[in-house]
Amino acid sequence: MQAMDLPDATTLTVENFTIDGTTLGQYAATRVRERLASSFRHHEYAPRFIVAVKEDGELIGVAGWGKLEFASRTWGLFLSSVSRDYRGQGVGTALVQERLRRIKQETQKGRILVSTKHRKRFEKLGFRSVDYDEELSLHLMLKNLDALRSHRAS
Numbered sequence: 001m002q003a004m005d006l007p008d009a010t011t012l013t014v015e016n017f018t019i020d021g022t023t024l025g026q027y028a029a030t031r032v033r034e035r036l037a038s039s040f041r042h043h044e045y046a047p048r049f050i051v052a053v054k055e056d057g058e059l060i061g062v063a064g065w066g067k068l069e070f071a072s073r074t075w076g077l078f079l080s081s082v083s084r085d086y087r088g089q090g091v092g093t094a095l096v097q098e099r100l101r102r103i104k105q106e107t108q109k110g111r112i113l114v115s116t117k118h119r120k121r122f123e124k125l126g127f128r129s130v131d132y133d134e135e136l137s138l139h140l141m142l143k144n145l146d147a148l149r150s151h152r153a154s
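For the sequence shown, counting from 1, position 119 maps to 119 in the numbering used here; every step adds exactly one.
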C-alpha cells in the first residue's frame, strides 16, 4: 500500500465494518486511518497492508497482516475489506493468498490467526476453526505455517 491509497483504503474499510449505519468504535475512520498509516513505519511489528486495484486505478480491496508482538512465531490477518461491487469475484481469496505468500517468504515456522465470518474460505486454504464468538458470528481460525507447504502441494 502506498500513501496515496490511504484515503480510499480508509473509506473502504470503514464502509465494510459499518452495519445498519453503525460503525464499531475500533473501525472509526480516525482509528482505521491511523492503523493503515502505521504500516509506513519500518519496524518488525509494524502492520503491513496490500491493496487490490483495478486497471483504472480504483481501489477495490485492502487487507492487512503482521507479526503479533507478544505471541512468539504468530502472525495475524486483519482489516480485510472488499468493495461491495466486487464481492464474490475472488478478490478476498486473492488477498488472503497473497498475504500467505508474503508471510511464507519471511518464515517457515509458527502460525497464522484470523477472526472471520468466512469460515469456508479459510478452511479451503488450510485453516481450522479453534473458537467461535456467537454474539459477533466470528470464527477464530488457525493455520500452522508448516501446513503452507503441504497445502500447496495438494
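In this text, a Cβ means the ideal position worked out from N, Cα and C, and glycines have one as well.
| Item | Value |
| --- | --- |
| Using a Cβ distance threshold of 8 Å, determine whether the segment 38-56 contacts the segment 17-27, with at least three qualifying pairs required. | no |
| According to DSSP, is residue 143 part of a helix, a strand, or is it coil? | strand |
| So which of 55, 58, 18 and 65 has the shortest CA-CA distance to residue 35? | 65 |
| Can you grab the Cα-Cα spacing for the pair residue 109 / residue 76, in whole Å? | 14 Å |
| Hey, out of 96, 90, 106 and 60, whose CA is closest to residue 155's CA? | This structure does not reach residue 155, given that the chain is present from 1 up to 154, and the question cannot be answered. |
| Applying the criterion that 16 or more other CB atoms from any shown protein chain within 10 Å of the CB defines a buried residue, is residue 30 buried or exposed? | exposed |
| Any chance the segment 129-137 sits against the segment 88-108, with 3 or more Cβ pairs inside 8 Å? | no |
| For residue 9, count neighbouring C-beta atoms within 10 Å of its own C-beta (all shown protein chains included) and say buried if the count is 16 or more, exposed if not. | buried |
| Comparing C-alpha positions only, which one of 14, 19 and 73 sits nearest to residue 145? | 73 |
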